[in-house]
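**Q**
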Amino acid sequence: GGCLFKESPTTTTITNCINIIEETTPRISTIPSLIYTLLLTMSLSLQAGGTSSRALPSAATRADALSANQATTRPITTGTSVLGIKYRGGVMLAADTLCSYGSLAKYKNARRLLGINSRTLVGASGEYSDLQSISDLLKANALEDRCTSDSLYEEDDNGECAKETWSYLRAVMYQRRNKMNPLWNDVVVAGFKQNEDGTTSDEPFLGVVDKIGTAYDDDILATGFGNYIALPLMREKYRPDMEEGEARALLEDCLRILFYRDCRALNRVQIAKVMKEGGVLVSDPYELDTYWDFEGFKQSKAGLGTDGGW
Amino acid sequence: MRANTVISILASLTYRPLLQLAATCFPIANALRGDEVSMGTTILAVRYNGGVVVGADTRTSVSGYVSNRYAAKLTFVLDRSIDRFAVPFKKSAGMAFRDDDDDDFSTCVICRSGSAADTQHLASVVRTDLVSRQLMYRVRGTVTNVAALLRNILINNDLSASLICAGYDHELGRGVIYTITPGGTILEELSWAVGGSGSTYILGHLDSCYSQNNSIGGLMQSEEEALDFVSSAIGLAMERDGSSGGFIRMYVIDRFGKRFISKMPSDMRSGRINGEEVTPQQTALTLRNFAPAITPAKAMYE
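Chains as they are written, first to last, in our numbering: chain A, 1 to 310; chain B, 1001 to 1302.
1. Any beta carbon of chain B sitting closer than 8 Å to that of residue 128 of chain A?
2. Taking the straight line between their C-alpha atoms, what separation do you get for residue 165 of chain A and residue 171 of chain A?
3. For residue 197 of chain A, collect the residues of the same chain with a Cβ closer than 7 Å to its Cβ; drop the 5 residues on either side in sequence, then sort them by chain order.
4. To the nearest angstrom, report how far apart residue 143 of chain A and residue 264 of chain A are at their CA atoms.
5. Tell me the rounded alpha-carbon separation between residue 141 of chain A and residue 280 of chain A.
6. Report yes or no: do the region 114–130 of chain A and the region 236–254 of chain A share at least 3 C-beta pairs separated by less than 8 Å?
7. Which of the residues in the region 1215–1245 of chain B, read from start to end, lie with their CB under 8 Å from any CB of chain A?
8. Run the CB neighbour count on residue 1070 of chain B, radius 10 Å, all protein chains shown included, and call it buried at 16 or more, exposed below.
9. Based on the DSSP secondary-structure assignment, which residues constitute the bridge partners of residue 204 of chain A?
10. My assumption, with CB atoms under 8 Å, is that residue 1044 of chain B sits in contact with residue 1055 of chain B. Please give the rounded CB distance.
11. Looking at chain A, is there any beta carbon in it that lies within less than 8 Å of the beta carbon of residue 1070 of chain B?
12. Can you look up residue 145 of chain A in the DSSP assignment and give me helix, strand or coil?
13. Is there contact here, the region 1191–1208 of chain B with the region 1139–1152 of chain B, by at least three beta-carbon pairs under 8 Å?
14. Pull up the CB-CB distance for residue 105 of chain A and residue 1239 of chain B, whole angstroms please, since I reckon it's below 8 Å.
15. State the CB to CB distance for the pair residue 1246 of chain B and residue 1058 of chain B, rounded to an integer number of angstroms; the pair is presumed to be in contact (CB under 8 Å).
16. Between residue 1264 of chain B and chain A, is there a C-beta pair that is closer than 8 Å?
17. Is residue 120 of chain A helix, strand or coil when you go by DSSP?
18. Ignoring anything shorter than 3 residues, give me the beta strand (DSSP E) runs that lie fully in the region 1125–1213 of chain B, in order along the chain.
19. One question on the structure: do residue 95 of chain A and residue 269 of chain A come within less than 8 Å of each other, judged by their Cβ atoms?
20. Can you check which of these residues, A:128, A:119 and A:130, is closest to residue 145 of chain A by C-alpha distance?
21. Look up residue 1233 of chain B in the DSSP assignment and say whether it is helix, strand or coil.
22. Among B:1132, B:1046 and B:1291, whose alpha-carbon lies nearest the alpha-carbon of residue 1083 of chain B?
23. Can you tell which of A:129, A:299, A:241 and A:296 has its C-alpha closest to the C-alpha of residue 89 of chain A?
24. Listing by chain order, which chain A residues have their CB less than 9 Å from the CB of residue 1043 of chain B?
25. Of all the CB atoms in chain B, is at least one closer than 8 Å to the CB of residue 104 of chain A?
26. How about residue 173 of chain A and residue 213 of chain A: do their beta carbons lie closer than 8 Å?
27. May I ask which residues mark the beginning and end of the alpha helix (DSSP H) holding residue 1078 of chain B?
28. Based on DSSP bridge pairs, tell me the residues matched to residue 99 of chain A.
29. Under 7 Å Cβ-Cβ, which residues of chain B neighbour residue 298 of chain A?
30. Can you tell me the Cα-Cα spacing of residue 222 of chain A and residue 1135 of chain B, whole angstroms?
31. Output, in chain order, the set of chain B residues within a Cβ distance shorter than 9 Å of residue 223 of chain A.
32. In chain B, which residues lie with their C-beta within 7 Å of the C-beta of residue 295 of chain A?
33. For residue 121 of chain A, which residues from the same chain have a beta carbon less than 8 Å from its beta carbon, with the 5 sequence-adjacent residues on both sides left out?
34. Is there at least one Cβ from chain A nearer than 8 Å to residue 1066 of chain B's Cβ?
35. Using only the alpha-carbon positions, how far apart do residue 1104 of chain B and residue 299 of chain A sit?
36. Assuming residue 254 of chain A is part of the alpha helix (DSSP H), what are its boundary residues?
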């Protein structure tokens, strides 16, 4: 049956359509469900607000059908930790703006926090080119959502909410992993959940998907080195009713300590937030102050300047 | 006869796999093992007309984690202020002399890069050797002696250590810099020497900076010029090398001894990122639309 739909609808769309058919017209079992699905899918996709066909996850890998490309075996240009925290009234993400080329700190103005639509924020660590691919994919979806929405006005926003984006990315990452050609990223998705009627819920959402497709959501998250250094600090200081300023102070402190202790981190950082009233805001990069001027640092220990500081 | 044949056949069958097994047991010469602490680093020494100025960053790293952010990579093995416990043979007791007339002392620093363990051990062994010579034979070690001792150890042992040995040599009567590679090659550098993982990023800068300052081909004249040279170069390397960071430790070494200077990142902040200007307004406090960072009333970490 699959051979009829080689190109256009994804298998998920077909499954959705079959489910819709089964729910609405259980009596029609004589008509081959495939033909019915075809008709329904064609009509649904023409209707505004109907089932849209998602950009194929395999679009990201179409190139390797054409030429003998190698699978990703190691990352080349990489970003380090992304931190995420829920606070009262929203969710905040933070990351530095460095992309390293091995041990070389090559690109110091790289943007790793991206607003996808008016209610979803995405940040990623790992291979930067794969982040750009994911960004293209999500932006294509967001554009399609806007073009097929019921209204041109933003109140009827049918863009993906954060939880949808997180689930979609999980499917994408897992599929790529199964082809042994992963997108080498840990992606953090921040925003809100969605009510049944499509409006944004009051419940904030913060989730992560890693390069092999593991999906996890929590109140505080970190990727990479942040797991070891920032997460314990955030767990100690986190409260569900934190103010935005407190959440920002906590994230900045964690980024500062990551700058001290992670070889691939920078003190030039960006923060971003999703607010309950709607709207995604990504800040311009700014520098954090760091503290080195301690007497204990300058004095040599153990006499005669053998490596002190232990 | 048959047993011999069987044994020889078995030996030939297992020979290749045994070789491969042996290859995994013998590590590549001079490379750090996976768990070794590395001082991926930037070290620099430059001569000026009074002696030398040496500098180093302060980062020690293990697989991307900074295990020490205020490391001291400049280790003194000869120090004028400490090595006064033995009177040299030629100036025996009975001859009155004042300390500040006697400048037949070398002050020698080893700038360490590579494995932290190997270089710490080397410095310790060399220091012990020089102290014992001074006590037994009543001769004062020189910077050249230090370099020769280091070389002798390195050529016979498989150590991961790339060193710059620099200081004021009292027998040569001037500042001197030696570079010692992991295999044990020793080279005297007449103007400057740089080492460590961060050195590759600043070779061009050092070449252009040094020739601009010394078009005649002579030495730097002032200590301030040399300090500037060292701190700006190491600062640039720290900006780009992931294995170098922290602040800059520097020593000025001349015939009178050593003097410590530190330079903090806040002293070196530049206004450019990858060539584009960073506007001064973009500070944490003035970020529009974001609440300013508030720390709770109690101390952040009790």
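For glycine and all other residues, C-beta sits at the position ideal for the given N, C-alpha and C. The structure presented is a predicted model; accordingly, all values stated were derived computationally and were not measured.
**A** With the structure as the only source:
1. Translated into the one-based positions of the first sequence, residue 128 of chain A becomes position 128. Not an interface residue.
2. For the purposes of this step, residue 165 of chain A is identified with residue 165 of the first sequence, where counting begins at 1. For the purposes of this step, residue 171 of chain A is identified with residue 171 of the first sequence, where counting begins at 1. Using only the alpha carbons, I get a separation of about 10 Å.
3. Indexing the first sequence from 1 puts residue 197 of chain A at position 197. The answer is none, since no qualifying residue turns up.
4. One-based indexing of the first sequence puts residue 143 of chain A at position 143. One-based indexing of the first sequence puts residue 264 of chain A at position 264. Their Cα atoms are separated by approximately 34 Å.
5. Here the question's residue 141 of chain A lines up with position 141 in the first sequence. Here the question's residue 280 of chain A lines up with position 280 in the first sequence. Between the alpha carbons of residue 141 of chain A and residue 280 of chain A lies a gap of roughly 17 Å.
6. no
7. 1239, 1240, 1241, 1242, 1243 and 1245
8. Walking along the second sequence from the start, residue 1070 of chain B turns up at place 70. It counts as buried.
9. Position 204 of the first sequence holds residue 204 of chain A. Residue 204 of chain A pairs with A:192.
10. Counted from its first residue, the second sequence places residue 1044 of chain B at position 44. Counted from its first residue, the second sequence places residue 1055 of chain B at position 55. Rounded, the Cβ-Cβ distance is 5 Å, consistent with contact.
11. Your numbering for residue 1070 of chain B matches position 70 in the second sequence. Answer yes: the Cβ-Cβ gap between residue 1070 of chain B and chain A drops below 8 Å somewhere.
12. As a first step, residue 145 of chain A is located in the first sequence; it is residue number 145 there, counting from the start. Residue 145 of chain A falls in the helix class under three-state DSSP.
13. Short answer: they don't touch.
14. Taking the first sequence and counting its residues from 1, one reaches residue 105 of chain A at position 105. Taking the second sequence and counting its residues from 1, one reaches residue 1239 of chain B at position 239. Contact holds; Cβ gap of about 7 Å.
15. By one-based count along the second sequence, residue 1246 of chain B stands at place 246. By one-based count along the second sequence, residue 1058 of chain B stands at place 58. Confirmed, Cβ separation roughly 3 Å.
16. For the purposes of this step, residue 1264 of chain B is identified with residue 264 of the second sequence, where counting begins at 1. Answer yes: the Cβ-Cβ gap between residue 1264 of chain B and chain A drops below 8 Å somewhere.
17. Walking along the first sequence from the start, residue 120 of chain A turns up at place 120. DSSP places residue 120 of chain A in strand when its eight states are reduced to three.
18. 1161–1169, 1174–1180, 1186–1189 and 1192–1195
19. On the first sequence, residue 95 of chain A is found 95 positions in, with the first residue counted as 1. On the first sequence, residue 269 of chain A is found 269 positions in, with the first residue counted as 1. Yes, they are a contact pair.
20. Position 145 of the first sequence, counting from 1, holds the residue named residue 145 of chain A. For the residues A:128, A:119 and A:130, the minimum Cα distance to residue 145 of chain A belongs to A:119.
21. If you number the second sequence from 1, residue 1233 of chain B lands on position 233. Helix at residue 1233 of chain B.
22. On the second sequence, position 83 is the one that residue 1083 of chain B refers to. Minimum Cα distance to residue 1083 of chain B is reached at B:1132.
23. Sequence index remark: in the first sequence, residue 89 of chain A carries index 89 (1-based). Cα-wise, what sits closest to residue 89 of chain A is A:241.
24. For the purposes of this step, residue 1043 of chain B is identified with residue 43 of the second sequence, where counting begins at 1. Against chain A, the beta carbon of residue 1043 of chain B has no neighbour under 9 Å; the closest one sits roughly 13 Å away.
25. Sequence index remark: in the first sequence, residue 104 of chain A carries index 104 (1-based). Chain B, which has a Cβ nearer than 8 Å to the Cβ of residue 104 of chain A, makes this yes.
26. Here residue 173 of chain A refers to the residue found at position 173 when the first sequence is read from its first residue. Here residue 213 of chain A refers to the residue found at position 213 when the first sequence is read from its first residue. Yes, they are a contact pair.
27. Position 78 of the second sequence, counted from the first residue, corresponds to residue 1078 of chain B. Element bounds for residue 1078 of chain B: not the alpha helix (DSSP H) but the beta strand (DSSP E), 1074–1078.
28. The residue given as residue 99 of chain A occupies position 99 in the first sequence. The partner list for residue 99 of chain A (beta bridge, DSSP) reads A:107.
29. For this step, residue 298 of chain A is matched to residue 298 along the first sequence. By Cβ distance, chain B contributes 1262.
30. Taking the first residue of the first sequence as 1, we reach residue 222 of chain A at position 222. Taking the first residue of the second sequence as 1, we reach residue 1135 of chain B at position 135. Rounded to the nearest angstrom, the two C-alpha atoms are 58 Å apart.
31. Within the first sequence, the letter at position 223 stands for residue 223 of chain A. Near residue 223 of chain A there are no residues of chain B at all, since even the closest Cβ is about 14 Å away, more than 9 Å.
32. As a working mapping, residue 295 of chain A is identified with position 295 in the first sequence. Chain B residues near residue 295 of chain A: none, gap ~10 Å exceeds 7 Å.
33. As a working note, residue 121 of chain A is residue 121 in the first sequence. Excluding residues within five positions, the ones whose Cβ falls inside 8 Å are 91, 93, 113, 114, 115, 162, 189, 190, 191, 272, 273, 274, 280 and 282.
34. Translated into positions along the second sequence, residue 1066 of chain B becomes position 66. So yes, residue 1066 of chain B belongs to the interface.
35. Along the second sequence, read from residue 1 onward, the residue named residue 1104 of chain B stands at position 104. Along the first sequence, read from residue 1 onward, the residue named residue 299 of chain A stands at position 299. Distance between the alpha carbons of residue 1104 of chain B and residue 299 of chain A: 27 Å.
36. Indexing the first sequence from 1 puts residue 254 of chain A at position 254. From DSSP, the alpha helix (DSSP H) with residue 254 of chain A extends over 244–261.
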